[in-house]
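> Which chain is which? The protein sequence lines are R and E, in order. Heads up: the first sequence runs through residues 1 to 252, numbered per UniProt numbering. Heads up: the second sequence runs through residues 1 to 252, numbered per UniProt numbering.
Number of protein chains: 2
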Amino acid sequence: MVERDSVRSKGQQDETRDPRTLLALLWGEQEQPTRGPKPKLTPRRIAAAAAELADREGLDAVSMSKVAGGFGVSAMALYRYVPGKTELVELMVEEVMGEGPEMPESGEDGHWRAAVRAWTRQCADVYAAHPWLLTATALRRRVLGPRQLRWLDAALAALEPTGLDGAQRHRVFLLLIGLVRNVAQQQADHEEEQSAEWDRLAADLLARHAERFPALTKAMADGAFRADGVDPLEFGLDRILDGVEAVIGGRE
Amino acid sequence: MVERDSVRSKGQQDETRDPRTLLALLWGEQEQPTRGPKPKLTPRRIAAAAAELADREGLDAVSMSKVAGGFGVSAMALYRYVPGKTELVELMVEEVMGEGPEMPESGEDGHWRAAVRAWTRQCADVYAAHPWLLTATALRRRVLGPRQLRWLDAALAALEPTGLDGAQRHRVFLLLIGLVRNVAQQQADHEEEQSAEWDRLAADLLARHAERFPALTKAMADGAFRADGVDPLEFGLDRILDGVEAVIGGRE
DNA sequence: AGGCGGCGGTTTACGGTATATACAGTTGGT
DNA sequence: ACCAACTGTATATACCGTAAACCGCCGCCT
Chain R
1 MVERDSVRSK
11 GQQDETRDPR
21 TLLALLWGEQ
31 EQPTRGPKPK
41 LTPRRIAAAA
51 AELADREGLD
61 AVSMSKVAGG
71 FGVSAMALYR
81 YVPGKTELVE
91 LMVEEVMGEG
101 PEMPESGEDG
111 HWRAAVRAWT
121 RQCADVYAAH
131 PWLLTATALR
141 RRVLGPRQLR
151 WLDAALAALE
161 PTGLDGAQRH
171 RVFLLLIGLV
181 RNVAQQQADH
191 EEEQSAEWDR
201 LAADLLARHA
211 ERFPALTKAM
221 ADGAFRADGV
231 DPLEFGLDRI
241 LDGVEAVIGG
251 RE
Chain E
1 MVERDSVRSK
11 GQQDETRDPR
21 TLLALLWGEQ
31 EQPTRGPKPK
41 LTPRRIAAAA
51 AELADREGLD
61 AVSMSKVAGG
71 FGVSAMALYR
81 YVPGKTELVE
91 LMVEEVMGEG
101 PEMPESGEDG
111 HWRAAVRAWT
121 RQCADVYAAH
131 PWLLTATALR
141 RRVLGPRQLR
151 WLDAALAALE
161 PTGLDGAQRH
171 RVFLLLIGLV
181 RNVAQQQADH
191 EEEQSAEWDR
201 LAADLLARHA
211 ERFPALTKAM
221 ADGAFRADGV
231 DPLEFGLDRI
241 LDGVEAVIGG
251 RE
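This is the structure:
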């Protein structure tokens, strides 16, 4: 389906690497060779190891040599399985997405809120478990691997009972992952080391410039950044669901 | 306020660089020296040049030597003004955020929807003008520069007439930037080169695996990804505003 | 059975990155 | 006038991704 030794980038970045090799990789549509020594690795195993590394030490720590070192092979060995690092990251994302969300029995109408809730929570869990997903999926074209499509499919399915048309369902999906990713980012910020130090510095700074940011100081005095037990994910989700409900109600 | 020659990272990454130097930089609280030659540059000018470079060639193209080359100085010269690259990126973000949004006369209640709309649109414009903002602000703790705080302040101010408490206003703000960033990402994806090529490949792939993604195929047949003239930003914004309205209505 | 060619892994090398360190030239305060 | 502070440079280190050439293994074909 795709030739194995395809090299066409000139030595710089991506420039123009054939998307088809990446797709073949993601979908496992590689024709495996017959002759030659048995490969020690697979793209899957490499991606899994790299993802684990990223979980432990962050995405920046994922380098070809470190990943290869984990297998006891040289860095260049990986290039027999993966066209380059960008493709490896893509595989890492796909790897970490798992088998897709477990959705409740949809069946009845009116339960679409619960279904969407379940989807969103599980998606948020994935992002929480792998904070590097945020940067790995920032920019660049994605949502092409089978597992990512599975998530998309599940979300669209959960929205079918709403009666929204396809375009609207898609836009609600965008709203949902936007929420998930944003909350994940917020939490990643806060779970960082020295978070308390930063908070202290920020509070001090704000106090010194209170008059420049009246609404912010007022909101802070009103408890804006105090933890009040309300999950921002749940709050946002409720807002979105209410918004969707408003469309449905207004149209029928 | 902050000593100028502070170096404590061992040669690796960030590790532990003093946050106070960054804050002093962002807020212009550097005490400027008296003796010695007049500096040719300023952090601001460097950040502006770097941002322009990023606008033209992308964030990856921003390297110390390229930025320095634009001024005709050596790469190391920049380190007299900026502690390191991460701080430079932070400055770039701050630079690009401009003077903050121009908000309409709030005055009357009930116009908060218009105010929030104006805020969101302008924020989206910034992201659209500088796509690298997405990756530059992915992960890492932010929202500490005066300009970013200005945006936050404006959003919170716009939400004051809603009667929501501080924590809720903050959560709505999170919802809004989540929307903006997500839409920006979506648009960046689509305006990429070879976008058509990718779409073709994706459509082909989906057709071959239609049975695995029933909801997705159904949604596509229903026009999910056809451009239908509805701005996804407006759609999401309406959903969020409706959601907020539901909270207000339900509580009073 | 033999060998050839596809393939896995290594080594080497190149150009790029951030940035530590040591230095030279310039300037203002004393 | 001199010294100390400051700016910019040159040099060096340690990484990074990856191109290219190479060697040894192995299954298919003759």
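Don't be surprised by glycine CBs; every beta carbon is placed ideally from N, CA and C.
Which residues of chain R have a Cβ atom closer than 9 angstroms to the Cβ of G166/E, listed in chain order?
Residue 166/E sits at position 166 when you count from the first residue of the second sequence. Within chain R, the residues near G166/E are K218, A219, M220, A221, D222, G223, A224, F225 and R226.
> Taking the runs of the beta strand (DSSP E) that are 3 residues or longer, which of them lie wholly in the stretch 82-169 of chain R?
none
> Run down chain R in chain order and give the residues with a C-beta less than 7 angstroms from the C-beta of A215/E.
Reading the second sequence from its first residue, position 215 is the one you call residue 215/E. Under the 7 angstroms cutoff, chain R gives D153, L156, A157 and E160.
> E29/E: buried (16+ other C-beta within 10 angstroms of its C-beta) or exposed?
Sequence index remark: in the second sequence, residue 29/E carries index 29 (1-based). The residue in question, E29/E, is exposed, as its Cβ has fewer than 16 Cβ neighbours within 10 Å.
> So is L174/E in contact with chain R if we call contact Cβ pairs under 7 angstroms?
Position 174 of the second sequence, counted from the start, is the residue given in the question as residue 174/E. L174/E counts as touching chain R.
> Just how far apart, CA to CA, sit A61/E and A54/E?
The residue you call residue 61/E lines up with position 61 of the second sequence. The residue you call residue 54/E lines up with position 54 of the second sequence. Looking at the two C-alpha atoms, the distance is approximately 7 angstroms.
> Under 7 angstroms, Cβ to Cβ, is there at least one residue of chain R near G11/E?
Residue 11/E sits at position 11 when you count from the first residue of the second sequence. Residue confidence for G11/E is low, a pLDDT of 32 falling below 50, so the modelled location carries little weight; the figure read from the coordinates is stated next. With 7 angstroms as the cut-off, G11/E does not count as an interface residue toward chain R.
> Pick out the complete alpha helix (DSSP H) segments inside the stretch 176-231 of chain E, 4 residues or longer, and give them in chain order.
195-208 and 214-221
> Could you work out which residues of chain R lie near E57/E, taking near to mean beta carbons separated by less than 9 angstroms?
Position 57 of the second sequence, counted from the start, is the residue given in the question as residue 57/E. Under the 9 angstroms cutoff, chain R gives no residues; its nearest Cβ is about 11 angstroms from E57/E.
> Would you verify that the beta carbon of H170/R is, or is not, closer than 7 angstroms to some beta carbon of chain E?
Here residue 170/R refers to the residue found at position 170 when the first sequence is read from its first residue. Taking 7 angstroms as the threshold, the shortest C-beta distance from H170/R to chain E falls below it.
> Consider the Cβ of W198/R: report whether some Cβ of chain E lies at a distance smaller than 7 angstroms.
Stepping through the first sequence from its first residue, residue 198/R is reached at position 198. Yes - at least one Cβ of chain E is within 7 angstroms of the one on W198/R.
> Express the C-alpha separation of L201/E and V247/E in angstroms, rounding to a whole number.
Position 247 of the second sequence, counted from the start, is the residue given in the question as residue 247/E. Position 201 of the second sequence, counted from the start, is the residue given in the question as residue 201/E. Their backbone Cα atoms lie some 43 angstroms apart in a straight line.
> Using 8 angstroms as the cut-off, can you tell me whether the stretch 75-89 of chain R makes contact with the stretch 32-45 of chain R, which would need three or more C-beta pairs spanning the two stretches below that distance?
Between the stretch 75-89 of chain R and the stretch 32-45 of chain R, the count of Cβ pairs shorter than 8 angstroms is three or higher; the stretches touch.
> Report the residue from P214/E, S195/E, C123/E and R212/E whose alpha carbon sits nearest the alpha carbon of G100/E.
By one-based count along the second sequence, residue 100/E stands at place 100. Selected option, being the one with the closest Cα: C123/E.
> Exposed or buried, D5/E, counting other C-beta atoms within 10 Å across all chains shown (16 or more means buried)?
Locating residue 5/E in the second sequence gives position 5, where the first residue counts as 1. At D5/E, the pLDDT of 32 sits below 50, so the modelled position is not reliable; the number obtained from the coordinates is stated separately. The residue is exposed, with fewer than 16 neighbouring Cβ atoms inside 10 Å.
> Go ahead and label P131/R buried or exposed: buried means 16 or more other beta carbons lie within 10 angstroms of its beta carbon, across all protein chains shown.
Reading the first sequence from its first residue, position 131 is the one you call residue 131/R. Buried: at least 16 other Cβ atoms inside 10 Å.
> Determine the closest residue to D204/R out of A118/R, Q186/R, R141/R and M220/R, with distance taken between C-alpha atoms.
As a first step, residue 204/R is located in the first sequence; it is residue number 204 there, counting from the start. D204/R has its Cα closest to that of M220/R, out of A118/R, Q186/R, R141/R and M220/R.
> Could you work out which residue in W27/E, S74/E, D228/E and V67/E is closest to E94/E when comparing CA atoms only?
For this step, residue 94/E is matched to residue 94 along the second sequence. The shortest Cα separation from E94/E among W27/E, S74/E, D228/E and V67/E belongs to W27/E.
> Less than 7 angstroms between the C-beta atoms of R141/E and W112/R, yes or no?
By 1-based counting over the second sequence, the position of residue 141/E is 141. By 1-based counting over the first sequence, the position of residue 112/R is 112. Their beta carbons are not under 7 angstroms apart, which means R141/E does not touch W112/R by this criterion.
> For V230/R, which of A118/E, R212/E and H170/E has the nearest alpha-carbon?
Here residue 230/R refers to the residue found at position 230 when the first sequence is read from its first residue. Answer by Cα proximity: H170/E.
> Take V172/E as the anchor and find which of R181/R, R17/R, R239/R and E57/R has the nearest alpha-carbon.
Start at 1 with the first residue of the second sequence, and residue 172/E comes out as number 172. Out of R181/R, R17/R, R239/R and E57/R, R239/R has the C-alpha closest to the C-alpha of V172/E.
> Give me the Cα-Cα distance between A47/E and A128/R, rounded to the nearest whole angstrom.
If you number the second sequence from 1, residue 47/E lands on position 47. If you number the first sequence from 1, residue 128/R lands on position 128. Each residue's Cα considered, the two are about 32 angstroms apart.
> Between D5/R and chain E, is the shortest Cβ-Cβ distance under 7 angstroms, so that the two count as touching?
Residue mapping note: residue 5/R aligns to position 5 of the first sequence, counting from 1. Confidence at D5/R is low in this model, with a pLDDT of 32, below 50, so its placement is unreliable and the value that follows should be read with caution. So, not an interface residue.
> Taking P43/E as the reference, which of L59/E, T21/E and R56/E has the closest Cα?
Translated into positions along the second sequence, residue 43/E becomes position 43. It is T21/E.
> Quick check on DSSP: helix, strand or coil for G243/R?
Counted from its first residue, the first sequence places residue 243/R at position 243. It is helical.
> Is P104/E close to chain R? Criterion is C-beta to C-beta, closer than 7 angstroms.
Here residue 104/E corresponds to residue number 104 of the second sequence, with the count starting at 1. So no, P104/E is outside the interface.
> With 16 other CB atoms within 10 Å as the buried threshold, where does G72/R fall?
Here residue 72/R refers to the residue found at position 72 of the first sequence. Burial call: exposed.
> Among the residues of its own chain, which have a CB less than 7 angstroms from the CB of A114/R, if the five just before and after it don't count?
Taking the first sequence and counting its residues from 1, one reaches residue 114/R at position 114. So the qualifying residues of the chain are P104.
> Using DSSP with H/G/I as helix, E/B as strand and the rest coil, what is P43/E?
Sequence index remark: in the second sequence, residue 43/E carries index 43 (1-based). DSSP places P43/E in helix when its eight states are reduced to three.
> Using the Cα positions of E234/E and I177/E, report the straight-line distance between them to the nearest angstrom.
Mapped onto the second sequence, residue 234/E falls at position 234. Mapped onto the second sequence, residue 177/E falls at position 177. Spanning the two alpha carbons is a distance of roughly 13 angstroms.
> Going by the beta-carbon positions, is the gap between D165/E and D222/R smaller than 7 angstroms?
Stepping through the second sequence from its first residue, residue 165/E is reached at position 165. Stepping through the first sequence from its first residue, residue 222/R is reached at position 222. Result yes, Cβ atoms of D165/E and D222/R sit closer than 7 angstroms.
> Mind checking whether A157/E and A215/R have CB atoms under 7 angstroms apart?
For this step, residue 157/E is matched to residue 157 along the second sequence. For this step, residue 215/R is matched to residue 215 along the first sequence. Yes, the pair counts as a contact, with Cβ atoms nearer than the cut-off.
> Report yes if the C-beta distance between V96/E and A51/E is below 7 angstroms; otherwise report no.
By 1-based counting over the second sequence, the position of residue 96/E is 96. By 1-based counting over the second sequence, the position of residue 51/E is 51. Yes, the Cβ-Cβ distance between V96/E and A51/E is below 7 angstroms.
> Looking at the structure shown, is G236/E part of a helix, part of a strand, or coil, going by DSSP?
The residue you call residue 236/E lines up with position 236 of the second sequence. Correct three-state label for G236/E: helix.
> Between which residues of its own chain and D242/E is the CB-CB distance below 8 angstroms, once the five residues before and five after are set aside?
Counting from 1 along the second sequence, the entry for residue 242/E is found at position 242. There are no such residues.
> Compare the C-beta of G236/R against all C-beta atoms of chain E and say whether one is closer than 7 angstroms.
For the purposes of this step, residue 236/R is taken as the residue at position 236 of the first sequence. Interface residue, yes.
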